[in-house]
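A.B. asks: Encoded as structure tokens, here's the structure I'll be asking about.
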Amino acid sequence: MHTSPRRMTTWMPLAIALLATAAATADDWANWRGPNHNGTSDETDLPTEWSDTDNILWSATLPGPSSSTPIVSGDRVFVSSSGESEKQLHALCFDRRTGERLWGRLIAESKWVPHRSGMSLSSPVTDGKLVYFIYGTSDLFALDFDGNEVWSKNMDREVGPITPLHGYGASPLLHNGKLYIPMIRGQWRASVRVEQKLYTDKDSFITCLDAETGDLLWKVHRPSHAFSESFDSYATPVLYNHGGIEQLIFQGGDVLTGHSAETGEELWRQVYNRKKQKYWQIVPTPVIADDIIVAMLPKSRAAFALRPEVNTQYEYEDSLWIYTERTTHVPSPIYYKERLYIINGARRTIMCLDPKTGEEIWSEYLGTKARIWATPTAADGKIYCFSETGETIVVAADDTFKIVAHNPALPGNGEAHSSIAIANGNLFIRTGSALYCVGD
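As structure tokens, then:
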């Protein structure tokens, strides 16, 4: 049973629509979540089956592993990567048609690498003119398409600390000439014991930069009453339009919040961890399903949905629906053809839900022994699910579960954590040490 949400002031009329924010063309994959900002593409006639010899248009060697997703703009493919030493951080550019490496820069170096993580987790983003890279060192770079630096800044020194306990994982959101960089983390240090409860929200902020100059436009404190690692967020912000108000949706610190894209002012908030679980750091990014925001509880606990009103305080129980089966800890949900798809990477299962009601349509095993860390990608009536060993399971985007193809692992040392990018009729697949362009 749902209780009535508490209003902070009078409500505003609700008219919500998904924003189209990319300045790049429809054939591009200009950011981590793609042209529709939900892990999907409108492209058709995409390859379904391939191997290391069939339907591989080209492959390119990468200097080291990374969890970031390649992005595509015009005839350029941009890649963030670590080096042979994971402390070395690179920005790379390849020719989309041939795979030729056009340029590469050793752009930053780190003094440490987080356990089971890395310093090259965030995907680059582009507006078709400049491309932006951010690393776990908090170094943010704006480069032109020839690899020349236009501006750069170290966020730690110039704005404030951005890195949670396990490294910085959010990707920048680029919209209307502005870069939105979340800094949602607890104030912690290695010497602090969890039992001491000496964690605070002092270092939890959301920030907005001018994409052309790198100037800080605003920095807004984001309050939280979380505990320990539950302060920390690795999720990327998403855009949402509410009654004509452009909103930024952030999750982390035990709350889901909506903020004005113009000023950063908090517009509404939903609290979901009243029991103060201490290891509830959030990894998956919420997804917009028409007029509904769908988010995950940490640690694969549940999925929940909200259609928020401005100036309203929500409890978890105020959700439109709550799906209580085991969902996802790392891969983000995707919304495609009026359906919600969620991968449980540890169990290697995928579930299909009705986003309006939370009703489960099906939940099935993907038929792989390998764990899945990457967020799936959807297009051409198919869901592409990418395992840590480099194999791709292609599932029909339908109300009946069907595995269309199970493609063998592509060569590449190290675990594969990157989502598959789609552009110009091709798939761009990153393994631990190589980038592949797959096409018929």
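Quick note on numbering: the sequence shown equals residues 931 to 1370 in this note's numbering.
Heads up, the beta-carbon is just placed ideally off N, CA and C, and yes, glycines get one too.
Between the region 1303-1316 and the region 1256-1275, are three or more C-beta pairs nearer than 8 Å?
C.D. replies: Yes: at least three Cβ pairs fall under 8 Å.
A.B. asks: On the criterion of 16 or more Cβ atoms from any shown chain inside 10 Å, does G1182 qualify as buried, or is it exposed?
C.D. replies: Counting from one through the sequence shown, the residue named residue 1182 turns up at place 252. Buried.
A.B. asks: For the alpha helix (DSSP H) that contains E1088, what are its first and last residues?
C.D. replies: Start at 1 with the first residue of the sequence shown, and residue 1088 comes out as number 158. Start and end: 1085-1088.
A.B. asks: Taking the alpha carbon of I1179 as the point to measure from, which residue in K1083, T1137, Q1207, E1142 has its own alpha carbon closest?
C.D. replies: The sequence position of residue 1179 within the sequence shown is 249, counting from 1. Nearest option by C-alpha distance: T1137.
A.B. asks: Could you give the C-beta distance for S1012 and S996, rounded to a whole number, given that I count them as a contact under 8 Å?
C.D. replies: Stepping through the sequence shown from its first residue, residue 1012 is reached at position 82. Stepping through the sequence shown from its first residue, residue 996 is reached at position 66. About 6 Å separates the two Cβ atoms, so the contact holds.
A.B. asks: Report yes if the C-beta distance between L1060 and F1075 is below 9 Å; otherwise report no.
C.D. replies: Within the sequence shown, numbered from 1, the residue matching residue 1060 stands at position 130. Within the sequence shown, numbered from 1, the residue matching residue 1075 stands at position 145. Yes, the Cβ-Cβ distance between L1060 and F1075 is below 9 Å.
A.B. asks: Can you tell me the Cα-Cα spacing of S934 and E1255, whole angstroms?
C.D. replies: Along the sequence shown, read from residue 1 onward, the residue named residue 934 stands at position 4. Along the sequence shown, read from residue 1 onward, the residue named residue 1255 stands at position 325. Bear in mind that the predicted position of S934 carries a pLDDT of just 39, short of 50, making it unreliable; the figure below should be weighed with that in mind. Rounded to the nearest angstrom, the two C-alpha atoms are 24 Å apart.
A.B. asks: Secondary structure at P1228, three-state DSSP: helix, strand or coil?
C.D. replies: Translated into positions along the sequence shown, residue 1228 becomes position 298. P1228: helix per DSSP, three-state reduction.
A.B. asks: Note down, one range per segment and in chain order, each alpha helix (DSSP H) of at least 4 residues found wholly within the region 1028-1097.
C.D. replies: Fully enclosed alpha helix (DSSP H) runs of 4 or longer: 1085-1088.
A.B. asks: Can you find the residues in the same chain that come closer than 6 Å, C-beta to C-beta, to W1292, ignoring five residues on each side of it along the sequence?
C.D. replies: As a first step, residue 1292 must be located in the sequence shown, where it is residue number 362. The answer, listed in chain order, is C1282, F1331.
A.B. asks: Would V1368 pass as a contact of N985 if the rule is Cβ separation under 9 Å?
C.D. replies: One-based indexing of the sequence shown puts residue 1368 at position 438. One-based indexing of the sequence shown puts residue 985 at position 55. Going by C-beta atoms, V1368 is nearer than 9 Å to N985.
A.B. asks: Does any residue of chain D have a CB that is nearer than 9 Å to the CB of T991?
C.D. replies: Given the protein chain composition of this structure (a single chain), no chain D is represented.
A.B. asks: Taking the C-alpha atoms as reference points, what is the distance between L1197 and A1225?
C.D. replies: For the purposes of this step, residue 1197 is taken as residue 267 along the sequence shown, with counting starting at 1. For the purposes of this step, residue 1225 is taken as residue 295 along the sequence shown, with counting starting at 1. So the two alpha carbons sit approximately 17 Å from each other.
A.B. asks: Assuming W988 is part of the beta strand (DSSP E), what are its boundary residues?
C.D. replies: Along the sequence shown, one-based indexing puts residue 988 at 58. Start and end: 986-991.
A.B. asks: Note the first and the last residue of the continuous beta strand (DSSP E) segment covering K1312.
C.D. replies: Walking along the sequence shown from the start, residue 1312 turns up at place 382. Where K1312 is concerned, the enclosing beta strand (DSSP E) stretches over 1312-1316.
A.B. asks: Can you tell which of A1339, A1309, S981, A1308 has the C-alpha that lies nearest to the C-alpha of S1317?
C.D. replies: Position 387 of the sequence shown, counted from the first residue, corresponds to residue 1317. Residue A1339 is the option with its Cα nearest to S1317.
A.B. asks: What are the partner residues of S1003, as DSSP defines its beta bridges?
C.D. replies: Reading the sequence shown from its first residue, position 73 is the one you call residue 1003. S1003 pairs with R1006.
A.B. asks: Tell me, to the nearest whole angstrom, how far the beta carbon of G1275 is from that of T1258; I am working on the premise that it is less than 8 Å.
C.D. replies: Numbered from its first residue, the sequence shown carries residue 1275 at position 345. Numbered from its first residue, the sequence shown carries residue 1258 at position 328. Correct: roughly 7 Å between the Cβ atoms.
A.B. asks: Taking the alpha carbon of S1249 as the point to measure from, which residue in P1153, I1222, F1358 has its own alpha carbon closest?
C.D. replies: Position 319 of the sequence shown, counted from the start, is the residue given in the question as residue 1249. Nearest option by C-alpha distance: I1222.
A.B. asks: State the start and end residues of the unbroken beta strand (DSSP E) segment that holds I1252.
C.D. replies: Your numbering for residue 1252 matches position 322 in the sequence shown. It spans 1251-1253 - the beta strand (DSSP E) in which I1252 sits, taken as one unbroken run.
A.B. asks: Would a C-beta distance cut-off of 9 Å place L1070 and I1111 closer than the cut-off?
C.D. replies: Taking the first residue of the sequence shown as 1, we reach residue 1070 at position 140. Taking the first residue of the sequence shown as 1, we reach residue 1111 at position 181. For L1070 and I1111, yes; Cβs fall inside 9 Å.
A.B. asks: Among G1194, P1054, L1019, which one has its Cα closest to the Cα of W959?
C.D. replies: Here residue 959 corresponds to residue number 29 of the sequence shown, with the count starting at 1. The option with the nearest alpha carbon to W959 is P1054.
A.B. asks: T1361: buried (16+ other C-beta within 10 angstroms of its C-beta) or exposed?
C.D. replies: Residue mapping note: residue 1361 aligns to position 431 of the sequence shown, counting from 1. Looking at its Cβ environment, which holds 16 or more other Cβ atoms inside 10 Å, T1361 is buried.
A.B. asks: Where does Y1246 sit, in a helix, a strand or coil, going by DSSP?
C.D. replies: By 1-based counting over the sequence shown, the position of residue 1246 is 316. Of the three classes helix, strand and coil, the one that applies to Y1246 here is helix, per DSSP.
A.B. asks: Where does E1289 sit, in a helix, a strand or coil, going by DSSP?
C.D. replies: Within the sequence shown, the letter at position 359 stands for residue 1289. E1289: coil per DSSP, three-state reduction.
A.B. asks: If you draw a straight line from the alpha carbon of G1194 to that of W1148, how long is it in whole angstroms?
C.D. replies: Residue 1194 sits at position 264 when you count from the first residue of the sequence shown. Residue 1148 sits at position 218 when you count from the first residue of the sequence shown. Taking the straight line from one Cα to the other gives about 7 Å.
A.B. asks: How would you call A952, buried or exposed, if buried means at least 16 neighbouring beta carbons within 10 angstroms?
C.D. replies: Here residue 952 refers to the residue found at position 22 of the sequence shown. In this predicted model, A952 has a pLDDT of only 37, less than 50, meaning its place in the structure is not dependable; the value taken from the coordinates is given anyway. A952 comes out buried.
A.B. asks: Leaving out five residues before and five after Y1154 in sequence, what residues of the same chain have Cβ atoms less than 7 Å from its Cβ?
C.D. replies: Translated into the one-based positions of the sequence shown, residue 1154 becomes position 224. The question names Tyr, yet the displayed sequence has Ser at residue 1154. These residues qualify, in order along the chain: D1131, S1134, F1161, G1183, D1184, V1185.
A.B. asks: Use the C-beta contact count for R1026: other C-beta atoms within 10 angstroms, 16 or more gives buried, fewer gives exposed.
C.D. replies: Along the sequence shown, one-based indexing puts residue 1026 at 96. R1026 is buried by the Cβ-count criterion.
A.B. asks: Does the region 973-985 come within contact of the region 1035-1053, defined as at least 3 CB pairs closer than 8 Å?
C.D. replies: As far as the Cβ criterion goes, the region 973-985 does not touch the region 1035-1053, which means the pair count is below three.
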